[in-house]
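Enquirer: This structure is in structure tokens; I'll ask about it shortly.
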Amino acid sequence: MNTQLRATDLAPDAPADTEADRHSEAHAHPDAVPGPVSEPGYQSQVPGEPMYAGPDVRPYRALVVTASNRASAGVYADKGGPMVAAGLTRMGFTVTGPEVVPDGDPVEAALRDGVLLAYDVIVTTGGTGISPTDRTPDATRRVVDYEIPGIPEAIRAEGRPHVPTASLSRGLAGVAGGTTLIVNLPGSTGGVRDGLAVLDRILLHAVDQLRGGDHPRAAGTPGGIN
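Residue 1 is where the sequence shown starts when you use full-length UniProt numbering, and the numbers rise one by one after that.
Following this line, the structure appears as structure tokens:
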């Protein structure tokens, strides 16, 4: 007689006990609250601890905007925008642009469009000085919800040893729409190079923070870096 049992022969109140089941039970937290395992990123929650849905794995997206009356009119080729795009690509961003627009109101329109499209980062180049047509910081200030002064301060500090007139840049940085970081870089290739050197050190961390990520922990400290 064949006495081998099939899975369907087991009683409903006696489920098969697999090695995976035993391993899971052995390591389960005694206070863990089960949840819908089909939910993406689900992790059992221990009372008193926040739910963690896993890392945000969306690709980093960036928009580059060049502000220049002459470049937009075809008087000369845009050099700063392609440099910014190449630098952001090296950092791991999927880049749109450069979008070349005249100084002034068109810059604000391009920024607002980029925020509506939920880019992680919008980097502008050009229009940050003190000439009558340099209006990129003014346009940016009308778009952002709040400014992050440390970023343009670091960019000016990076440039001053090479070009003392870097102190004349009025470029700013801020957050719009809750999740889009906007950064103004100068229009010169040297200013772009200095700006990218600063952004290379902080930009991905800034985007992760805006997405709700945790601060990295410094060695030997119980909390994160604020």
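The beta carbon of each residue, even a glycine, is placed where N, CA and C say it ideally should be.
1. Which whole-angstrom value describes the C-beta separation of E158 and D194, a residue pair presumed to lie in contact below a C-beta threshold of 8 Å?
2. From what residue to what residue does the beta strand (DSSP E) around T94 run?
3. For the beta strand (DSSP E) that T140 lies in, which residues bound it at each end?
4. Could you please give me the residues that DSSP links to I182 through a beta bridge?
5. Are L204 and T125 closer than 8 Å when you measure CB to CB?
6. Under the rule that 16 or more other beta-carbon atoms within 10 Å means buried, what is P161, buried or exposed?
7. For T165, I'd like the list of residues in its chain whose CB is within less than 6 Å of its CB, leaving aside the five on either flank, ordered along the chain.
8. Work out the CA separation of R70 and G174 for me, nearest whole Å.
9. Under the three-state reduction of DSSP, which class applies to T111: helix, strand or coil?
Expert: By the coordinates alone:
1. 4 Å
2. T94 to V101
3. According to the DSSP assignment, T140 belongs to no beta strand (DSSP E) but to the alpha helix (DSSP H) extending over T136 to V143.
4. I122 and G174
5. no
6. exposed
7. none
8. 27 Å
9. A quick correction: the sequence has Leu, not Thr, at residue 111. Shown here, L111 sits in a helix according to DSSP, grouped into three states.
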